[in-house]
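At position 175 of the sequence shown the residue is numbered 175 (UniProt numbering), and the sequence of numbers has no breaks. From the three backbone atoms N, C-alpha and C, an ideal C-beta is built for every residue, glycine too.
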Amino acid sequence: MEGPLQTSIHVCHEYGQWMSQLPEKLWDIPLYNLALPGSHDTMTYCLDKNSGVSGNELKLVKFLNKCMPCIVHPIIMKWSTTQVLTVTEQLEAGVRYLDFRIAHKANDPSMNLYFVHMVYTTVTVQDILWEVLSWLETHPQEVVILACRNFDGLTKKLHCHLIACIKEIFQCKLCPRNNLSCCNLCLLACILLLCISEESSLHLPVRYL
């Protein structure tokens, strides 16, 4: 017998192409006037159970987790997990606004960036960006907004690295600011809209959203 999760995964595939099926009368409406389905803390389905608490959390939380990890850490994991579907499954379910909380692990000498919600994810930001690109390439008339925020532990060098990765992966799929009507978006294949939070000290050029 299938559980609720398996049932929801099967049903969600019906919404993978919903933007391409919008009625023609909506094509000229600016995207910001459409209600787009989104997911909160998109990447919390793959939090690392062995991860320490992120550097941006309260000192009390870190202290309790250090003193009573067997009790506190499971509570943190349960509270932090807001999603069960993978990013691809969320996109297939119709989600078009992805909430990416990006961070760099403290004392990590590498340039690897992760997602965070109290604890870090098992996957890197770069891996997920490639996964989103792969989905876009098979859904040429869909639009995805990436809301990148938090940037815990990111130096200017790491910000530049993040932007370089985004440009390298998505290239011409980054949507210019002046092409935000549904009509333009449906005619241009595999468009990606990028939204970097004002919290970031470094942004993409103004020609991108």
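Secondary structure at residue 148, three-state DSSP: helix, strand or coil?
The three-state reading of DSSP puts residue 148 in strand, counting E and B together.
If residue 86 and residue 47 are in contact, beta carbons under 8 angstroms, what's the gap, nearest whole angstrom?
Not a contact, Cβ separation roughly 13 angstroms.
Residue 156 versus residue 128 - alpha carbon distance:
CA-CA distance, residue 156 to residue 128, rounds to 22 angstroms.
Please report the residue range of the alpha helix (DSSP H) in which residue 88 lies.
87-92 is the extent of the alpha helix (DSSP H) around residue 88.
So which of 139, 168, 42, 18 has the shortest CA-CA distance to residue 121?
It is 42 whose Cα lies nearest to the Cα of residue 121.
Buried or exposed for residue 31, going by 16 or more other Cβ atoms inside 10 Å?
A residue is called buried when at least 16 other Cβ atoms come within 10 angstroms of its Cβ; residue 31 meets this threshold and is buried.
8 angstroms Cβ cutoff met for residue 111 and residue 158
Residue 111 is a Cβ neighbour of residue 158, given a cutoff of 8 angstroms.
Those residues which DSSP pairs with residue 101 across a bridge:
According to DSSP, which records beta bridges pairwise, residue 101 is partnered with 149.
Unbroken beta strand (DSSP E) run spanning residue 117, endpoints
Its beta strand (DSSP E) spans residues 114-117.
Identity of the residue in 45, 94, 22, 75 nearest residue 38 by Cα:
With distances taken between Cα atoms, residue 38 lies closest to 94.
Which residue comes first and which comes last in the alpha helix (DSSP H) that contains residue 139?
Counting along the chain, residue 139 falls outside any alpha helix (DSSP H), and DSSP gives it neither H nor E.
Pick from 83, 149, 77 that is closest to residue 100, judged by C-alpha positions
For residue 100, the nearest C-alpha among the options comes from 149.
I think residue 91 touches residue 135, with their Cβ atoms under 8 angstroms apart; what is that distance to the nearest whole Å?
About 5 angstroms separates the beta carbons of residue 91 and residue 135, which is inside the 8 angstroms limit, making them a contact pair.
For residue 121, which three-state DSSP category applies?
If DSSP states are grouped into helix, strand and coil, residue 121 belongs with the strands.
Which residues bound the alpha helix (DSSP H) around residue 160?
Here the alpha helix (DSSP H) through residue 160 covers 156-170.
Would you report the Cα separation of residue 77 and residue 119, rounded to the nearest angstrom?
Residue 77 and residue 119: Cα-Cα distance of roughly 8 angstroms.
Quick check: residue 170 and residue 113, are their CB atoms within less than 8 angstroms of each other?
Residue 170 is not a Cβ neighbour of residue 113, given a cutoff of 8 angstroms.
6 angstroms CB neighbourhood of residue 167 in its chain, flanking five on each side removed:
Same-chain partners within the cutoff: there are none.
Under 8 angstroms, do residue 96 and residue 29 count as touching if we go by C-beta distance?
No, they are not a contact pair.
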